[in-house]
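K.L.:
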Amino acid sequence: MSENEQIVLASRPEGAPSRDNFQFINTPLPEPEAGQVLVRTLYLSVDPYMRGRMKDTKSYSPPYALSEVIKGGAIGQVVESSEPNLRKGDLVTGMWGWQRYAAVNTGDLSLIDTEEAPLTAYLGAVGLTGLTAYFGMEDIGKPKEGETVVVSGAAGAVGMIAGQIAKIVGARVIGIAGSDEKCAYLKDKLGFDVVLNYKQESDMSAAIERVCPDGVDVYFDNVGGEISDAVLRHINRNARIPLCGQISSYNLEKPDIGMRPQTLLLTNTALMKGFLLGDYAKSFKEGRAKLAKWIKAGHIQYEENIVEGFEQTPEAFMGLFSGDNLGKQLVKVADPE
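In terms of full-length UniProt numbering, the sequence shown is residues 1 to 337.
Pasting the structure below:
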């Protein structure tokens, strides 16, 4: 192999992303410098937050540059190394993104222990996805036994884990999803107490009132928009609202103002707080260990949707915004050697 195949951002999406926004290019195989190893990609993660980085606007992460490789989570195998802490054949995870090979600084890689958790879980349940659910729920949501917790985007990779974390402490968990199949999965397999199909509800506020007669103590917000407006109308005194994502607005060409919740937050002395996973980096090891323990004990289950083939990466990403996926969306690029 003398060439590397990469996917770069060809143009900035206007509205929903399309295949035309991405370009496949061939470049020379990278040569690792001192402090780097050459990694062969095995799996890629596609995530909703990446849509925000395709906009040329200021955010918590810099936007992708045009003609730049789209960076995101990946699992790979070291194929060339002169570094003492990583050997050829080691399985690693990092953020080198949508390319078949990458020369990566060793400090930007984490070794994978497949005895702790299955390989692909390092991009999902014990990776950035699971850690997002863990810190958002544990640090901000702080559910207690007997409280009512609502999770929007509950069939997504983060939402399903967030809901199960709340169940572990004895909370009553209500999920919101977009199909009967997803609702059945969350209730029958993951143990959510009630799941609403928002596409079947003509009045979401009335639906929340129906299934949360005692109000909402914790709202784990993955979607924003009208669904969140409906939930916020029913928050209790001292409610906690972790803001994890706003997927309903990622493809909007113009901002959607929606409801102004300040009065509800004030009169209910509620906490609404956005959070960024990177702020918890020093606690990743602790969070990963806790998640792995819960998975082994059967307290947390997870779902992966794995698409085969590097060339399918753009389609896998676009599917995130049409509600195609259940759980974590991954792309399989190659098998480990």
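In this text, a Cβ means the ideal position worked out from N, Cα and C, and glycines have one as well.
Can the beta-carbon of Arg51 be found less than 8 Å from the beta-carbon of Tyr64?
P.N.:
Against a cut-off of 8 Å, the Cβ pair of Tyr64 and Arg51 comes out as no contact.
K.L.:
Asn4: buried (16+ other C-beta within 10 angstroms of its C-beta) or exposed?
P.N.:
The residue in question, Asn4, is buried, as its Cβ has 16 or more Cβ neighbours within 10 Å.
K.L.:
If you reduce the DSSP assignment to three classes, tell me which class Pro242 lands in.
P.N.:
Residue state, collapsed to three classes: strand.
K.L.:
Give the single residue among Ser45, Asn238, Gly258 whose Cα lies nearest to the Cα of Thr269.
P.N.:
Ranking Ser45, Asn238, Gly258 by Cα distance to Thr269 puts Asn238 first.
K.L.:
May I have a chain-ordered list of the alpha helix (DSSP H) segments no shorter than 4 residues that lie completely inside the region 98-179?
P.N.:
As far as the region 98-179 is concerned, its whole alpha helix (DSSP H) runs of at least 4 residues are 128-135, 157-168.
K.L.:
Name the one or two DSSP bridge partners that Ile220 has.
P.N.:
The question names Ile, yet the displayed sequence has Phe at residue 220. In the DSSP output, where bridge partners are listed per residue, Phe220 has Val151.
K.L.:
Here's the rule: buried if 16 or more other CB atoms are within 10 angstroms of the residue's CB, otherwise exposed. What is Glu68?
P.N.:
When all chains shown are included, Glu68 counts as exposed.
K.L.:
In chain order, what residues of the same chain have a beta carbon less than 6 Å from the beta carbon of Asp193, not counting five sequence neighbours either side?
P.N.:
Hits under 6 Å: Arg172, Val173.
K.L.:
What residues match up with Thr41 in a beta bridge as DSSP calls it?
P.N.:
Answer by DSSP bridge pairing, in chain order: Gly76.
K.L.:
Could you give the residue range of the alpha helix (DSSP H) that holds Phe284?
P.N.:
That run of the alpha helix (DSSP H) goes 284-296.
K.L.:
Please list the terminal residues of the continuous alpha helix (DSSP H) segment that includes Leu196.
P.N.:
From DSSP, Leu196 is part of no alpha helix (DSSP H) but of the beta strand (DSSP E) over 194-197.
K.L.:
Quick test of your reading: Glu308 and Leu326, contact by CB under 8 Å. State the CB separation rounded to the nearest angstrom.
P.N.:
Contact flag wrong, Cβ pair sits at about 17 Å.
K.L.:
Exposed or buried, which one is Leu330 when buried takes at least 16 other CB atoms within 10 Å?
P.N.:
It counts as buried.
K.L.:
Got a sec: does the ligand COA put a non-hydrogen atom nearer than 7 Å to the Cβ of Pro48?
P.N.:
This structure lacks the ligand COA, and indeed carries no ligand of any kind.
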